[in-house]
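In what follows, a single structure is set out as structure tokens and then discussed.
2 protein chains.
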Amino acid sequence: MLTVNVELADRRYPIFIGENLLGNSELLLPFLDKRRVLIVTNDVVAPLYLEKVKSTLRSIDCEELVIADGEQHKNLDMAVKIYDKLLAGKYDRSSTLIALGGGVVGDITGFVAATYQRGINFIQIPTTLLAQVDSSVGGKTGVNHPQGKNMIGAFHQPQCVLIDTTVLNTLPEREVKAGLAEVVKYGLINVAGFFDWLEQHTDEILKLDPERISYVVKVCCEQKAAIVAKDEQEGGVRALLNFGHTFGHAIETAMGYGNWLHGEAVATGMVMAADLSMRMGCLDQSKAFRIKSTLAKFGMPVEPPATISAQEYIDLMSSDKKAKRGKIRFVVLNTIGEAVLKDDIDMELLKQTLEAQDRLCL
Amino acid sequence: MLTVNVELADRRYPIFIGENLLGNSELLLPFLDKRRVLIVTNDVVAPLYLEKVKSTLRSIDCEELVIADGEQHKNLDMAVKIYDKLLAGKYDRSSTLIALGGGVVGDITGFVAATYQRGINFIQIPTTLLAQVDSSVGGKTGVNHPQGKNMIGAFHQPQCVLIDTTVLNTLPEREVKAGLAEVVKYGLINVAGFFDWLEQHTDEILKLDPERISYVVKVCCEQKAAIVAKDEQEGGVRALLNFGHTFGHAIETAMGYGNWLHGEAVATGMVMAADLSMRMGCLDQSKAFRIKSTLAKFGMPVEPPATISAQEYIDLMSSDKKAKRGKIRFVVLNTIGEAVLKDDIDMELLKQTLEAQDRLCL
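This is the structure in structure tokens:
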């Protein structure tokens with residue numbers, strides 16, 4: 284087992300990474316001393332892993348709430364269902380929520396933990412690759428609004444993150460691929476050699492070779508932990524983690540939550556961001572091509588949906604959280620492994636990227 | 284004008300107190316440099332003070348949202364109306380919300396500021412005495428759930444608090460009296476001489492004598508600021524501010540939000556807490572009597588509603604935020620000016636206080 288620590292201003296928390304950790308009560312119990320626990324999970328994960336986690340926590344006063352799976356349920360109405368359950372069960376401030384599931388379960392459970400009685404503890408047990416390498420670490424929580432992803436949320440750090448890589452064996456292939464989008468992102472924004480390594484090990488990674496997957500998860504968590512330690516509330520360097528997300532969020536919103544997986548939209552968004560970086564003269568065409576072809580090798584969509592117009596992208600992106608005083612902000616690449624935040628994008632170049640649609644100049 | 288500073292772990296913010304401050308742009312503008320502003324106010328305050336504030340901020344890009352007045356509207360549905368307005372207007376993370384109104388407007392606007400795009404700036408301009416002496420300072424934000432007050436919320440500190448005591452002249456007498464409940468509370472929990480002073484100046488205070496009112500607001504804000512500086516997120520000493528609130532919240536919830544004003548419920552709750560303190564052998568009967576009679580002199584209700592049964596109180600209080608692992612926690616008085624937190628209350632004594640109803644043994 285590997286442990287990566289996230290250092291915050293006032294405390295630290297561990298990320299445990301390894302095989303068969305769901306059954307390891309020694310990792311979780313120290314965080315749950317005498318606390319009541321509500322496990323929030325979804326109807327896909329519950330039949331697979333809920334009993335295992337409950338058995339691990341059998342010495343604890345523990346209930347569960349099973350919510351519907353899917354990004355389209357990541358909204359305030361679902362948060363209210365969790366508040367209702369907590370209040371009906373008289374859960375108090377010393378209670379702990381456990382999020383057992385993918386990014387949707389983690390984000391919504393974290394948001395409820397951030398806001399129930401002005402904040403209670405929570406623990407992340409991410410069961411998708413995307414959640415393991417990205418969303419479960421760093422304390423971003425939230426729900427969607429019909430007009431934008433994660434528009435309602437809070438920063439609220441978990442007590443610990445338990446990543447059992449064994450659960451990836453039951454993850455649908457499409458979700459494994461979508462999770463790899465965020466993995467590739469780390470290779471693009473700040474770990475120079477990692478992208479090369481990913482290019483060279485595509486097949487083993489797609490086959491979920493345990494050693495390779497553990498390494499992938501560890502590198503991503505270390506990167507995320509280092510960035511979060513520097514910038515817990517996204518005042519600066521943390522914004523680089525949004526590479527590909529400005530385009531990606533627009534795709535998710537325009538296509539309707541749940542139709543494109545977050546990772547799929549981010550993969551396509553990264554291709555668009557690479558295209559824009561290239562048009563701005565920051566990124567070599569050969570490198571932009573490597574990015575697109577590696578994402579394609581991992582089985583991710585790399586062509587934006589033809590149904591979204593340039594104007595629709597611009598409207599959606601101007602209300603993105605990263606927009607500042609009306610200006611859309613983008614993370615662009617200078618090279619593979621080096622990203623910068625730009626808020627003075629030439630609208631003509633942006634339109635070229637948007638209008639290229641499935642004719643991206645790569 | 285007086286300034287009281289609230290010292291937080293990572294920053295400080297000022298509370299400005301004085302007459303005719305709404306028209307003073309020099310106080311607000313430094314916090315609003317180039318920011319878009321949405322003023323949230325209610326349909327009672329808007330006709331009185333909205334244009335004045337907008338005129339003070341005329342150099343700023345500023346809109347307003349007028350919500351319905353009353354505690355019964357302090358819920359997630361109303362928060363959603365504010366999110367909708369912010370999203371429709373493409374307000375970004377650099378925007379500022381201004382809460383112009385009483386505690387309901389302040390709490391709900393603060394909660395939206397805490398959670399819109401994971402947190403934006405906000406400013407409090409409290410227009411009721413209750414909000415001026417208590418709820419606008421300290422960063423507690425939240426909305427009610429049908430099963431309990433402030434059950435959904437966050438700690439989110441304002442950038443500044445602007446207290447114009449002149450606005451109290453348009454405040455209904457009932458609300459002035461309700462506001463004085465929290466004032467008396469400070470005299471009871473930790474400022475020994477203040478209660479005596481309040482007893483001696485009841486008439487001038489009720490007549491809103493400007494000098495007396497400024498002094499009252501200043502003392503309360505100083506006390507609150509000192510307690511918040513020690514305990515921003517209510518891990519310890521801050522809980523003493525809840526004196527009378529465990530009973531009071533139960534009354535508010537049982538009677539239906541908006542029927543009893545918060546201050547009225549707190550006044551009666553303080554009488555009940557004094558009664559319990561006396562039954563526990565902590566507080567002299569003569570002092571309990573002074574507390575009840577002073578609250579009565581200020582025109583506050585001091586008899587609990589006869590319609591709430593002891594069991595109903597206990598059910599509501601066990602789901603209060605201050606309850607911990609099933610045990611109801613109470614702030615009790617050792618004497619006037621000295622409060623302590625107790626979580627090992629004898630249920631028999633508690634039942635005596637609850638069953639006394641309007642026959643409280645005072």
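Going down the list, the protein sequences come from chains A and B. Sequential numbering from 284 applies to the first sequence in the working numbering. Sequential numbering from 284 applies to the second sequence in the working numbering. Just so you know, even glycine gets a beta-carbon here, dropped at the ideal spot from N, CA and C. Nothing here was measured: the structure is a model prediction, and the numbers come from that model.
- Item | Residues of the segment 373-395 of chain A with Cβ closer than 7 Å to any Cβ of chain B, in chain order | Within the segment 373-395 of chain A, the qualifying residues are K373, D375, R376, S377.
- Cα-Cα separation, B/V426 to A/R401: In a straight line, the C-alpha of B/V426 is about 10 Å away from that of A/R401.
- Query: Are the Cβ atoms of B/V585 and B/K570 separated by less than 7 Å?
  - Reply: No, the Cβ-Cβ distance between B/V585 and B/K570 is not below 7 Å.
- Item | Proximity below 7 Å, CB of A/C345 to CB of A/V420 | It is not a contact, given that the beta carbons lie outside the stated cut-off.
- According to a CB-to-CB cut-off of less than 8 Å, which residues of the segment 320-333 of chain A neighbour chain B? For the segment 320-333 of chain A, the beta-carbon criterion of a distance under 8 Å to any beta-carbon of chain B is satisfied by none of its residues.
- Between which two residues does the beta strand (DSSP E) containing A/C345 stretch? Its beta strand (DSSP E) spans residues 345-350.
- Residues of chain D with a CB under 9 Å from the CB of A/K423: which are they? The structure shown contains no chain D; its protein chains are A and B.
- Cβ of A/G436 within 7 Å of any chain B Cβ: A/G436 counts as touching chain B.
- Query: Do you know offhand how far B/N452's Cα is from B/D492's?
  - Reply: In a straight line, the C-alpha of B/N452 is about 10 Å away from that of B/D492.
- Show which residues of chain A have a CB atom less than 8 Å away from the CB atom of B/G431. Here the neighbours are L370.
- From B/N303, B/N433, B/H439, pick the residue whose C-alpha is nearest to that of B/G531; which is it? Its Cα nearest to that of B/G531, the residue B/N433 stands out among B/N303, B/N433, B/H439.
- Query: Tell me, which residues are paired with A/N404 by DSSP?
  - Reply: Looking at the DSSP output, A/N404 sits in a beta bridge with A/T379.
- Message: So that I know if they touch, is there some Cβ in chain B lying closer than 7 Å to that of A/T398?
- Response: Answer yes: the Cβ-Cβ gap between A/T398 and chain B drops below 7 Å somewhere.
- Query: Nearest chain B C-beta to A/S419 closer than 7 Å, yes or no?
  - Reply: Among the CB atoms of chain B, none fall inside 7 Å of the CB of A/S419.
- If you compare alpha carbons, which of B/I381, B/V444, B/V615 is closest to B/A522? Across the set B/I381, B/V444, B/V615, the C-alpha of B/V615 shows the shortest separation from the C-alpha of B/A522.
- Assess, as a yes-or-no matter, whether the segment 453-473 of chain B is touched by the segment 549-556 of chain B under the definition of 3 or more beta carbon pairs within less than 8 Å. Yes, the segment 549-556 of chain B touches the segment 453-473 of chain B.
- Task: Return the first residue and the last residue of the alpha helix (DSSP H) that B/R457 is part of.
- Result: 456-472 is the extent of the alpha helix (DSSP H) around B/R457.
- Cβ shell of B/T424 (< 6 Å), same chain only, five flanking positions each side left out: Shown here for B/T424: same chain residues with a beta carbon closer than 6 Å to its own, the five before and five after excluded, namely D390, G393, F394, A397, G436, A437, H439 in chain order.
- Query: Which residues bound the alpha helix (DSSP H) around A/T536?
  - Reply: Unbroken alpha helix (DSSP H) run through A/T536: 528-538.
- Task: Determine the direct distance from the alpha carbon of B/A589 to that of B/Y596, and round the result to whole angstroms.
- Result: Distance between B/Y596 and B/A589, taken at the CA atoms: about 12 Å.
- Item | Rounded C-alpha distance that separates B/M233 from B/E535 | Residue 233 of chain B is absent from the structure shown; chain B starts at 284 and stops at 645.
- Grab the span of the alpha helix (DSSP H) containing B/P493 for me, first residue to last. Counting along the chain, the alpha helix (DSSP H) containing B/P493 begins and ends at 493-513.
- As assigned by DSSP and simplified to three states, the class of A/R612: Three-state result, A/R612: coil.
- Query: With respect to the beta strand (DSSP E) encompassing B/I322, which residues constitute its N-terminal and C-terminal limits?
  - Reply: In the DSSP annotation of this structure, the continuous segment of the beta strand (DSSP E) that includes B/I322 starts and ends at 320-325.
- Going by C-alpha distance, which of A/M563, A/H356, A/A579 is nearest A/M630? Cα-wise, what sits closest to A/M630 is A/M563.
- Task: May I ask you to report which of helix, strand or coil DSSP gives A/N525?
- Result: In the displayed model, A/N525 falls within a helix according to three-state DSSP.
- Can you have a look at A/K460 and say buried or exposed, based on whether 16 or more other CB atoms are within 10 angstroms of its CB? Around the Cβ of A/K460, a 10 Å sphere holds 16 or more other Cβ atoms; the residue is buried.
- Cα-Cα separation, B/A382 to A/G301: Those two C-alpha atoms are separated by around 48 Å.
- Any C-beta of chain B sitting closer than 7 Å to the C-beta of A/H545? Chain B contact via Cβ: absent.
- Query: Using 7 Å as the limit for Cβ to Cβ distance, is A/S602 near chain B?
  - Reply: Yes, its Cβ sits closer than 7 Å to a Cβ of chain B.
- Identify the contact partners of B/L359 in chain A, using a Cβ-Cβ distance below 9 Å as the criterion. When 9 Å is used as the limit between beta carbons, B/L359 is near these residues of chain A: L359, A362, V363, Y366, in chain order.
- Same chain only: Cβ atoms within 7 Å of B/Y399, ignoring 5 sequence neighbours per side: Scanning its chain for C-beta atoms nearer than 7 Å, with the 5 sequence neighbours on each side dropped, one finds around B/Y399 the residues Y366, L369, in chain order.
- Message: Does the structure place the segment 403-420 of chain B close enough to the segment 352-361 of chain B that three or more beta carbon pairs sit under 8 Å?
- Response: Touching, no.
- Query: To which residues of the same chain is B/I591 closer than 6 Å at the C-beta, ignoring the five residues directly before and after it?
  - Reply: Hits under 6 Å: A537.
- Could you check what DSSP says for A/I619 in three-state terms: helix, strand or coil? It is coil, neither helix nor strand.
- Message: Can you tell me where the beta strand (DSSP E) holding A/D390 begins and where it ends?
- Response: According to the DSSP assignment, A/D390 belongs to no beta strand (DSSP E) but to the alpha helix (DSSP H) extending over 386-398.
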